[in-house]
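S.K.:
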Amino acid sequence: MNQEYDYLFKLLLIGDSGVGKSCLLLRFSDDSYLESYISTIGVDFKIRTVEQDGKTIKLQIWDTAGQERFRTITSSYYRGAHGIIVVYDVTDQESFNNVKQWLNEIDRYASENVNKLLVGNKCDLTDKKVVSYETGKVKLTFIPRCIVAIITVF
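If you're matching positions, the sequence shown starts at 1 in full-length UniProt numbering and goes up one per residue.
#1: Would you kindly check if the distance between the Cβ of V87 and the Cβ of L24 is under 8 Å?
#2: Quick one: grab the DSSP three-state call for V131.
#3: Classify K21: buried if its beta carbon has 16 or more other beta carbons within 10 angstroms, exposed otherwise.
#4: Grouping DSSP H, G and I as helix and E and B as strand, with all else coil, what is V97?
#5: Rounded to whole angstroms, what's the CA-CA distance from F134 to V99? Just pull it up for me.
#6: State the CB to CB distance for the pair K10 and H82, rounded to an integer number of angstroms; the pair is presumed to be in contact (CB under 8 Å).
#7: Leaving out five residues on either side along the sequence, give the residues of the same chain with a beta carbon under 7 Å from the beta carbon of F96.
#8: Applying the 10 Å Cβ sphere with the 16-neighbour rule, what's the burial state of Q3?
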């Protein structure tokens, strides 16, 4: 069988509306960044292929809408995900507080052994930062199979 890749991984971006999920996806997949904010409606996805240790890995990354009204639509996208990236905005305490709700969504809809990544976004806005790296790291002690990253995409 002739494939274009050795591995295919489905990743899901979740988090409150406006935390920067779409910006993260655009930067990673297309190496681009848009200042303007357009809310995702339902879901969007991008594909990026990477090489690692001589293997071709195809990443299928799904960007979900953060608004409550789309939750019933996006819940079906949890199935089959190998990894789920929970994104919060370090300048928005409420988005960090809502991480627990997003983790509950993962428990409800995703497979038991799904890998999780907690990402604090917009850390370049240091004068507006309200959630520290240390605070984000403390949250991890309660999340099995999870790692944390505080990142800036620009």
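Beta carbons: idealized from backbone N, C-alpha and C, even for Gly. Keep in mind the model is a prediction, meaning the values are calculated, not measured.
M.R.: The answer reads as follows:
#1: yes
#2: coil
#3: Buried: at least 16 other Cβ atoms inside 10 Å.
#4: Rather than Val, the amino acid found at residue 97 in this sequence is Asn. Residue state, collapsed to three classes: helix.
#5: The sequence given here has Glu at residue 134, not Phe. Those two C-alpha atoms are separated by around 15 Å.
#6: 6 Å
#7: Answer for F96: Y88 and V131, listed in chain order.
#8: exposed
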